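Protein chains in written order, with the working numbering: chain A, 80 to 234; chain B, 80 to 234. Ideal placement from N, C-alpha and C gives every residue a C-beta, glycine not left out. Fair warning: this is a prediction, and the values are worked out from it, not measured in the lab. Heads up: the structure comes next, in structure tokens.
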């Protein structure tokens with residue numbers, strides 16, 4: 080079991096794009112219950128099953144297992160709740176940390192979320208100049224909630 | 080992906096016990112949604128994560144992955160829906176097939192279910208003399224439903 084500690088921001092400019100290479104993600108949920116989410120994800124040619132507990136502060140219990148890509152594709156196509164989330168993830172190094180910027184497609188097109196994973200809740204973070212509003216802990220931005228209430232419904 | 084085809088019966092006598100050795104199972108659910116159940120199970124010293132789709136006839140899509148026993152114990156203790164199902168499973172050979180007889184404990188104490196796994200839905204099955212009422216397809220007997228509506232509530 081790992082504990083995930085992360086902070087989330089909405090980019091206020093497109094400067095994060097400079098030189099960043101993206102990987103296509105496709106993910107769906109077998110459970111979107113916030114106390115026990117179960118996610119199926121393909122990332123490039125890899126696939127994972129990930130279980131997360133309830134968020135407490137900025138932390139969350141997480142269990143992740145690699146699974147066959149064929150299994151993940153079949154679960155995404157046949158078992159997961161609709162819609163499936165599709166996005167391109169860019170990894171950007173800044174201030175000694177890796178930022179992941181997710182650019183969503185489909186029903187969440189227009190939404191971009193930047194996340195940085197930390198070792199402790201009080202770790203100092205040097206924000207990149209493109210980082211805008213912080214949305215850590217805002218449940219609307221949980222990927223599991225972008226299924227029941229996608230970004231296209233927010234406006 | 081495997082497809083699970085099984086028939087279920089309630090034993091009408093205790094004759095199935097003759098010489099059968101049992102293994103303790105502890106299992107809980109991260110999703111009890113019948114279209115996408117997610118089960119955490121420990122069986123003796125092994126542990127598995129199992130995803131099942133909707134039952135169509137006697138068949139059901141199934142994906143199963145071995146996971147570390149420590150992860151399973153932590154998920155059963157902290158993440159799974161209450162109550163956890165505890166049972167002892169006995170494997171009994173009869174007529175060239177393996178029957179699994181589950182004797183439940185806790186909130187489902189008193190319930191015994193015998194299952195036989197088949198290669199096809201129309202496979203002939205030689206019933207043991209202790210097999211009573213068939214309950215294949217009856218949702219009350221799905222393990223996932225024995226959490227929301229345990230056997231102790233049926234009477």
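message = Using 8 angstroms as the threshold, is the C-beta distance between residue 109 (chain B) and residue 119 (chain B) below it?
response = The answer is yes: Cβ separation under 8 angstroms.
message = If I follow the unbroken beta strand (DSSP E) through residue 171 (chain B), where does it start and stop?
response = From DSSP, the beta strand (DSSP E) with residue 171 (chain B) extends over 164 to 173.
task = Please report how far the alpha carbon of residue 98 (chain B) lies from the alpha carbon of residue 167 (chain B), in whole angstroms.
result = Per the coordinates, the alpha-carbon of residue 98 (chain B) lies some 14 angstroms from the alpha-carbon of residue 167 (chain B).
query = Do the segment 117 to 137 of chain A and the segment 81 to 90 of chain B meet, that is, are 3 or more Cβ pairs less than 8 angstroms apart?
reply = With a cut-off of 8 angstroms, the segment 81 to 90 of chain B and the segment 117 to 137 of chain A do not count as touching, because too few Cβ pairs lie within range.
message = Under DSSP, the alpha helix (DSSP H) around residue 227 (chain A) begins and ends at which residues?
response = Where residue 227 (chain A) is concerned, the enclosing alpha helix (DSSP H) stretches over 224 to 227.
task = Quick one: list the residues of chain A neighbouring residue 146 (chain B), beta-carbon separation under 9 angstroms, in chain order.
result = Close partners of residue 146 (chain B) in chain A (Cβ separation under 9 angstroms): 142, 144.
query = Looking only at its own chain, which residues have a Cβ that is under 8 angstroms from the Cβ of residue 231 (chain A), when we skip the five neighbours before and after it?
reply = If we look at residue 231 (chain A) and ignore the five residues flanking it on each side, its Cβ neighbours are 186, 187, 188, 189.
query = Listing by chain order, which chain B residues have their CB less than 9 angstroms from the CB of residue 132 (chain A)?
reply = Neighbours of residue 132 (chain A) on chain B, chain order: 154, 157, 158.
ask   = Around the Cβ of residue 125 (chain B), are there at least 16 other Cβ atoms within 10 angstroms (buried) or fewer (exposed)?
value = That one is exposed.
query = Among all the DSSP beta bridges, which residues are the ones paired with residue 82 (chain A)?
reply = The partner list for residue 82 (chain A) (beta bridge, DSSP) reads A:140.
ask   = Under 8 angstroms between C-beta atoms, does residue 227 (chain A) make it to chain B?
value = No, residue 227 (chain A) lies away from the interface with chain B (no Cβ there is under 8 angstroms from its Cβ).
query = When the Cβ atoms of the segment 193 to 202 of chain B are set against those of the segment 170 to 181 of chain B, are three or more pairs found closer than 8 angstroms?
reply = Yes, the segment 193 to 202 of chain B is in contact with the segment 170 to 181 of chain B.
request  = May I ask you to list, following chain order, the residues of the segment 105 to 131 of chain B that have a beta carbon less than 8 angstroms from some beta carbon of chain A?
outcome  = For the segment 105 to 131 of chain B, residues whose beta-carbon sits nearer than 8 angstroms to a beta-carbon of chain A comprise 109, 110, 112, 114, 115, 117, 128, 130.
request  = Would you list, in sequence order, the uninterrupted beta strand (DSSP E) runs of no fewer than 3 residues that lie entirely inside the segment 108 to 153 of chain B?
outcome  = Counting only runs of 3 or more, we get 115 to 122, 125 to 132, 138 to 145.
inquiry  = Nearest by alpha-carbon distance to residue 203 (chain B): which of B:174, B:227, B:191 is it?
reply    = Among B:174, B:227, B:191, the Cα nearest to that of residue 203 (chain B) is on B:174.
query = Where does the unbroken beta strand (DSSP E) through residue 212 (chain A) begin, and where does it stop?
reply = Membership of residue 212 (chain A) in the beta strand (DSSP E) is indicated by the continuous run 210 to 213.
Contacting residues, own chain, Cβ-Cβ under 6 angstroms from residue 107 (chain A) (five flanking each side not counted) = Cβ contact annotation for residue 107 (chain A) (same chain, cutoff 6 angstroms, sequence separation greater than five): 119, 155, 159, 163, in chain order.
inquiry  = Output needed for residue 132 (chain B): all residues of its chain with C-beta closer than 7 angstroms, excluding positions within five of it in sequence on either side, in chain order.
reply    = Once the five neighbours on either side are set aside, the close Cβ partners of residue 132 (chain B) are 114, 115, 139, 140.
Three-state secondary structure (DSSP) of residue 186 (chain B) = Helix at residue 186 (chain B).
message = Which residue wins for smallest C-alpha separation from residue 147 (chain A), given the options A:218, A:191, A:123, A:209?
response = The candidate whose alpha carbon is nearest that of residue 147 (chain A) is A:123.
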